[in-house]
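Step one of this worksheet: look at the structure below.
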Amino acid sequence: MKVRSIRGFHDILPEDIGRWHHIEELAKNLFELYGYSEIRIPALEFTEVFARGLGTSSDIVEKEMYTFTDRDGSSLTLRPEGTAGVVRAYIENSMYTKTPQSKLYYTGMMFRHERPQKGRYRGFYQIGAELFGADAPESDAELIAMNHNFFGSIGLSGSVTLELSSLGDGECKPAYKSMLTDYFNGHKDRLCEDCQRRLGTNPLRILDCKQKTCIEISKDAPKMLDNLCESCTEHFGRVKDSLDSIGVPYEINPKIVRGLDYYTRTVFEFTTDQLGAQNAVAAGGRYDGLVKELGGPETPAVGFAMGIERIVLLHQQVVPEGFGRRVDIYIAYLGDEARNAAFSLAHELRSAGARVGADYGGKSLKSQMKRADKSGARYTIIIGEDELSRGVVKLRDMEKSSEDEIALDLKSQP
RNA sequence: GUGCGCGUAGCUCAGCCUGGUUAGAGCACUGGGUUGUGGCCCCAGAGGCCGCCGGUUCAAGUCCGGUCGCGCACCCCA
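Note that numbering that gives the first Met the number 0 gives residue 70 to position 71 of the first sequence, counting from 1, and the numbers run on in steps of one.
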């Protein structure tokens, strides 16, 4: 029996890594442009960090966490998302005493024990950013704009849609929730099985149900956006105005339901219709209560996370070519003496900064040329006995199929 | 956790319905056609517990049952 990887976990192979690097580099550079710094935090935390952070009724905490007992009996969990751990680090390192605002970004693998499907893995990568200590709506807008610009920078503006809503704050959110529960209770017998259950757990999700009768019932349900308190209405209005003022397009979707319990006020998702059932490629929002919930001072915060696999998948569809790794020069040789020369020359060229490919397998020149072709090298240097005795090598331009002889030691810069 | 689909060469798949010689193709790989020149073409070669276990049968890649694995969808979510 061969060894194999765990279900839902996958390898990212060399042929794909160029695209990953491209996407990750653009994200990091962009985030730093906005003043964010990277923070690296553990993949493993005390279970409590997530249980308290995400809310015990959320599906993630209820049934999707990789939780196990450590040798001393404490309960540990592999992070299912990034925010709770960043908040823990923010509190533990008293970052609120250092600067009035903290702008942090992170990247790494997250773990959720779900049934895998297209664009969904049990071990998957996210890049996320969190802004602590800012309660102004313009901060929400700036963060969203940063996310929007990221999609622009990797050429996916046309493939994603920004959906925006507000969930209300500590006051109007619970009030709306009970209003909604009352409403759906009145139609309970007509709701689907799932929705009857949701009524008890999270009535907001009923609004997102795909069953025909549930959709019908939802049509006349009270809307969160009509029931925001005065300050939340004003906050949401200013978020929209700010986005308008810099031309970031969005669609209001009052049915956005985030999976984590900690969100307040602004929530948003960048969605696509090109990835099957997994339509969210990035999502986030404001979470003003979380820092306090985890034992820190009352601190407003807003953040988001992007699913890298999903973005890579989408990027592959939109920009299919051009991310293979290449070498600049391939060195082919004939004979033992020439092999020594090839070995030294490869070393020299690499010292000079060229990406050089060569294999010393003693294969035929034809075979070496094939490998040179596959390696994507623009030039192939051919060292034969003949040339060696004259102190020259052949430089073949693989695109033009032309050859020149150049001196072995004074390499002209190709 | 639920439903549906699929497991045959490194990869993509045909063959299964209607059981019957040595299980096929394309791509990739190796060698040759060209004593030292890539892509296109031609020739040859190598590469298979037909996922696994059991059942039916004279005979199973093919039919049946189970099991494991994978995929998609639901739930939920990045």
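Where a beta carbon is used, it is the ideal one built from N, C-alpha and C, also for glycine.
Check the Cα spacing between G154 and each of I251, V318 and C191: the tightest is with V318. Residue pairing from DSSP leaves Y359 without any beta-bridge partner. Segment contact: the segment 120-128 against the segment 217-232, fewer than three CB-CB distances shorter than 8 Å; contact not assigned. Around the CB of N201, 16 or more other CB atoms lie within 10 Å, so the residue is classed as buried.
Boundaries of the alpha helix (DSSP H) around I90: T82 to E91. With a beta-carbon spacing of about 6 Å, Y89 and F131 fall inside the 8 Å limit used to define contacts.
Here Y359 is exposed. Its C-beta has fewer than 16 other C-beta atoms within 10 Å. In this structure, the beta-carbon distance from V280 to G302 does not fall below 8 Å. Around Y65, the same chain offers T76, L77, F110 and H112 as residues with beta carbons nearer than 7 Å, after the five sequence neighbours per side are excluded.
Selection G199, D58, K291 and L387 evaluated against G169 yields K291 as nearest (Cα-Cα). In the DSSP annotation of this structure, the continuous segment of the alpha helix (DSSP H) that includes M145 starts and ends at P136 to S152. Considering only A282, Y262 and C208, the residue with the shortest C-alpha distance to T271 is A282. The alpha-carbon separation between R196 and T265 amounts to approximately 26 Å. Judged by DSSP secondary structure, Y175 falls within the alpha helix (DSSP H) whose first and last residues are C171 to N184.
Contact check for Y261 and L227: beta-carbon distance about 18 Å, past the 8 Å limit, so the pair fails to qualify. Less than 8 Å divides the Cβ of L242 from the Cβ of A140. For L407 and G352, the gap between their C-alpha atoms comes out near 17 Å. The residues G34, Y35 and L130, in chain order, have a CB closer than 6 Å to that of K102 in the same chain once the five nearest residues on each side in sequence are set aside. Under the three-pair Cβ rule at 8 Å, the segment 332-351 counts as touching the segment 368-388. Membership of R264 in the beta strand (DSSP E) is indicated by the continuous run T263 to T270.
Note: Y105 is bridge-paired with G127 in the DSSP secondary-structure output. Take V256, set aside five residues on each side of it, and the residues of its chain with a beta-carbon closer than 6 Å to its own are L203, R204 and D207, in chain order.
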